[in-house]
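Numbering of the sequence shown is given in the working numbering, commencing with residue -15 and proceeding in unit increments. Where a beta carbon is used, it is the ideal one built from N, C-alpha and C, also for glycine. Please read the structure below before turning to the comments.
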Amino acid sequence: MEGILADMLPPEKLAQVPKTPSEIEQAKLRLRSRNTASVKCPVCLDSGYVHPIGENGKTDYSRVENCKCVASKREAERQERYLKLCELPEDTEDRTLESFQTKGYVILEQVKQAAMDMLSGKIKMLSLLADVDTGKTHIAIALCRKWLEMGKTAKYVFVPLLLQELRSAYKYRDGEESYDYKFEFYLNVGFLALDDLFREYHKAENDWGMEKIETIIDYRYIHGLPTLITSNKTLDEMNELSAMIRSRLIRAKNSQVIVIASPEYVTIRKKNG
Ligand SMILES: Nc1ncnc2c1ncn2[C@@H]1O[C@H](COP(=O)(O)OP(=O)(O)OP(=O)(O)O)[C@@H](O)[C@H]1O
Ligand SMILES: [Mg+2]
Ligand SMILES: [Zn+2]
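The structure is reproduced here in structure tokens:
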């Protein structure tokens, strides 16, 4: 049977492969006495290695290969890693595109459609401008989740914390915590959600931070990388804070700005049940 002896077979121990009929019998006996209830992969018994089937159709105990379960384990590890890098706010599993209600509001239908157009690649840069509690963060999280589901990288960031994060990254010289790594990730990540741009932002105090955000938005605009921006500022207010950012949001042919003028979601929910 393919792989039945494999748990005794890390490659460096090839010399110990049971070869004679009695060695093989003994190994089988040892395996049978093992508690297999917790074993996830019945092929390799979770060792990750199997003996391939030789040309004669019989198991070739002199060789070992990676079991198929290794690939799916690697895939699961990758997904976990991407989810971690995305840094979604906790307890937000329920904020999905499916759970985003439009309740008959045309503007919310437009928002949902635009989110789907981002997924399909029709829109590259989407700006949602609205007051509090209108579902901006909900959409940002939902889109990140979709990107991760597609096996791509995504990053959610509450913009006021982005600046703090970049500042504190200066103390790390290299690795995933370092400034260079983080900044490069913001530039090139598969999907970037910049949530709450310009919140509590005062121009005079924060030129360093604004320059970083301008660079990120400009770079992603130039390279056509999917970017969602949410803000409680109007385009006019943005113009005061960064004319450059405002121009990027409205300029690209595959960009869309939606001003959500619906009432706060709590009000909608109360009204419509
Ligand atoms: N259209 C919607 N359908 C379903 N849930 C919604 C919708 N709009 C908002 N919500 C829910 O209402 C709550 C507040 O929404 P959210 O945090 O996305 O608002 P926001 O626009 O980001 O507000 P703020 O400006 O304060 O950050 C969340 O729990 C969100 O899931
Ligand atoms: Mg929000
Ligand atoms: Zn396996």
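Distance CB(Leu112)-CB(Ile197) smaller than 8 Å: On the sequence shown, residue 112 is found 128 positions in, with the first residue counted as 1. On the sequence shown, residue 197 is found 213 positions in, with the first residue counted as 1. No, these two residues do not count as a Cβ contact at 8 Å.
Buried/exposed call for Met134, threshold 16 Cβ in 10 Å: In the sequence shown, the residue the question calls residue 134 occupies position 150. For Met134, the number of other beta carbons within 10 angstroms of its own is below 16, and it is reported as exposed.
Cβ contact check for the segment 46 to 58 and the segment 117 to 127: 3 or more pairs under 8 Å: With the cut-off at 8 Å, the segment 46 to 58 and the segment 117 to 127 do not touch.
Trp131 versus Tyr89 - alpha carbon distance: Locating residue 131 in the sequence shown gives position 147, counting from the first residue. Locating residue 89 in the sequence shown gives position 105, counting from the first residue. As the crow flies, the alpha-carbon of Trp131 is around 26 Å from that of Tyr89.
Proximity test, Phe182 beta-carbon vs ligand 1 heavy atom, cut-off 7 Å: Residue mapping note: residue 182 aligns to position 198 of the sequence shown, counting from 1. When distances are taken from the beta-carbon of Phe182 to the heavy atoms of ligand 1, even the shortest one reaches 7 Å or more.
Limits of the unbroken alpha helix (DSSP H) element including Met102: Position 118 of the sequence shown holds residue 102. It spans 90 to 104 - the alpha helix (DSSP H) in which Met102 sits, taken as one unbroken run.
Heavy atom of ligand 1 within 7 Å of Val34 beta-carbon: As a first step, residue 34 must be located in the sequence shown, where it is residue number 50. Not one heavy atom of ligand 1 falls within 7 Å of the beta-carbon of Val34.
Counted within 10 angstroms of its Cβ, other Cβ atoms place Asp263 as buried (16 or more) or exposed: Residue coverage of the chain in this structure runs from -15 to 257, which leaves residue 263 outside it and unanswerable.
CB contact flag (Cys28, Leu72, <8 Å): Taking the first residue of the sequence shown as position 1, residue 28 is located at position 44. Taking the first residue of the sequence shown as position 1, residue 72 is located at position 88. No. Outside cutoff.
Assigned secondary structure, Glu224 (DSSP; H/G/I helix, E/B strand, else coil): Numbered from 1 along the sequence shown, position 240 holds the residue referred to as residue 224. Glu224 carries a helical assignment under DSSP once its states are collapsed to helix, strand and coil.
First and last residue of the uninterrupted alpha helix (DSSP H) at Lys24: Within the sequence shown, numbered from 1, the residue matching residue 24 stands at position 40. Neither: Lys24 is in no alpha helix (DSSP H) and is coded neither H nor E.
heavy atom of ligand 2 below 7 Å from Thr199 C-beta: Stepping through the sequence shown from its first residue, residue 199 is reached at position 215. In this structure, the C-beta of Thr199 stays at least 7 Å away from each heavy atom of ligand 2.
Where Phe167 falls: helix, strand or coil (DSSP): Your numbering for residue 167 matches position 183 in the sequence shown. Here Phe167 sits in helix by DSSP.
Asp179 beta carbon near ligand 2 (any heavy atom closer than 7 Å): On the sequence shown, position 195 is the one that residue 179 refers to. Result yes, Cβ under 7 Å from ligand 2.
Proximity below 8 Å, CB of Ser215 to CB of Leu181: Position 231 of the sequence shown, counted from the start, is the residue given in the question as residue 215. Position 197 of the sequence shown, counted from the start, is the residue given in the question as residue 181. Yes, they are a contact pair.
Cβ distance (whole Å) where Lys139 is taken to contact Tyr170 below 8 Å: On the sequence shown, position 155 is the one that residue 139 refers to. On the sequence shown, position 186 is the one that residue 170 refers to. Yes, they are in contact, since the Cβ atoms of Lys139 and Tyr170 sit about 7 Å apart, within 8 Å.
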